[in-house]
Amino acid sequence: MADNSDHHAAIVAGLSRIMNKRPYIQVTTRVLLPLSFICGCAFDGRYAALEQDLRGKEATIRELETKVSDAERLLQEQDAELVVLRKATAAPRSGPSDKSAILQASHHHEAVEQQIAWGRLHEIQIHRLLTGVVPDTEESGGKTFNVVVQPVDGDGEILKIAGELRVTITLVDSGGEPKVIGSREVTLAESRQLWTKTLLSTGFHIPVQIESPAQNQQFLVTATLDMGDGRTFTDSELLESR
Numbered sequence: 009m010a011d012n013s014d015h016h017a018a019i020v021a022g023l024s025r026i027m028n029k030r031p032y033i034q035v036t037t038r039v040l041l042p043l044s045f046i047c048g049c050a051f052d053g054r055y056a057a058l059e060q061d062l063r064g065k066e067a068t069i070r071e072l073e074t075k076v077s078d079a080e081r082l083l084q085e086q087d088a089e090l091v092v093l094r095k096a097t098a099a100p101r102s103g104p105s106d107k108s109a110i111l112q113a114s115h116h117h118e119a120v121e122q123q124i125a126w127g128r129l130h131e132i133q134i135h136r137l138l139t140g141v142v143p144d145t146e147e148s149g150g151k152t153f154n155v156v157v158q159p160v161d162g163d164g165e166i167l168k169i170a171g172e173l174r175v176t177i178t179l180v181d182s183g184g185e186p187k188v189i190g191s192r193e194v195t196l197a198e199s200r201q202l203w204t205k206t207l208l209s210t211g212f213h214i215p216v217q218i219e220s221p222a223q224n225q226q227f228l229v230t231a232t233l234d235m236g237d238g239r240t241f242t243d244s245e246l247l248e249s250r
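For the sequence shown, the residue numbers in this note's numbering are 9 to 250.
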């Protein structure tokens, strides 16, 4: 009987110790939960600021690289013309000019490359990180929304091609109907001008004017590439305004 009494007393003492510890556990929980929430919010804020900073730098890099590409293209054209003039001066001949022959060969090479890329095209992708509102672009109550579209083959390799593009940006509000706040159509010729290769991304960089969005709203971005041969490719991404 004495053994049973001692065992019972030990159980009661153990339960008492657990109950005495509960207030400390509750206090610790109440302190740690708000701290973890605050840390999470701070991380989201830094991540959103980093995304906006990247988009701003991407726009600046794209503008500078476009100017460099235009300058390089102008130099190449001038060099080609200089070569043709030197050949024509050294040995003038009748018949088609050397310049025409050079241009025909260049156009043929570009056409062959385009046909190869068209055949390999598998899908298009919207670049999630660099697609979004470009900071510091407030104009007449609206902002610029940069959409990066990348044509890829079956292995995920980016293909440089041209085609007609349609981009639509829809504001998705859980409390109301979806609202289109911006759209743009790009012709075949314009698509060549919008193709950009940068350190962060390569593809069509399409600026779209939109109504100024509020913070923490979601956008449905839809892009369609029409190849003109009966094939169309579409991709959509749901992004959040930060």
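The beta carbon of each residue, even a glycine, is placed where N, CA and C say it ideally should be.
Closest by C-alpha distance to Glu219, out of Arg136, Lys151, Leu196 and Glu193, is Lys151.
In the displayed model, Arg174 falls within a strand according to three-state DSSP.
Residue Thr178 holds the alpha-carbon nearest to the alpha-carbon of Gln217 among Thr178, Glu131 and Phe241. Distances from the alpha-carbon of Val141 to those of Lys168, Thr232, Thr195 and Gln226 put Gln226 closest. In this model, Phe153 and Gln84 are separated by some 33 angstroms (Cα to Cα). Annotation: Thr74 to Thr204 spans about 7 angstroms, alpha carbon to alpha carbon. Between the alpha carbons of Val229 and Glu165 lies a distance of about 22 angstroms. Rounded to the nearest angstrom, the gap between the Cα atoms of Leu196 and Leu173 is 8 angstroms.
Relative to Asn224, the option among Ser199, Ser77 and Val180 whose CA is nearest is Val180. In the DSSP assignment, Gln201 falls within the unbroken alpha helix (DSSP H) covering Leu196 to Leu202. In this structure, the beta-carbon distance from Ala231 to Val160 does not fall below 8 angstroms. Per DSSP, reduced to three states, the secondary structure at Ser77 is helical.
Within the same chain, Leu179 come within 6 angstroms of Lys187 by CB-CB distance, once the 5 residues on both sides are set aside.
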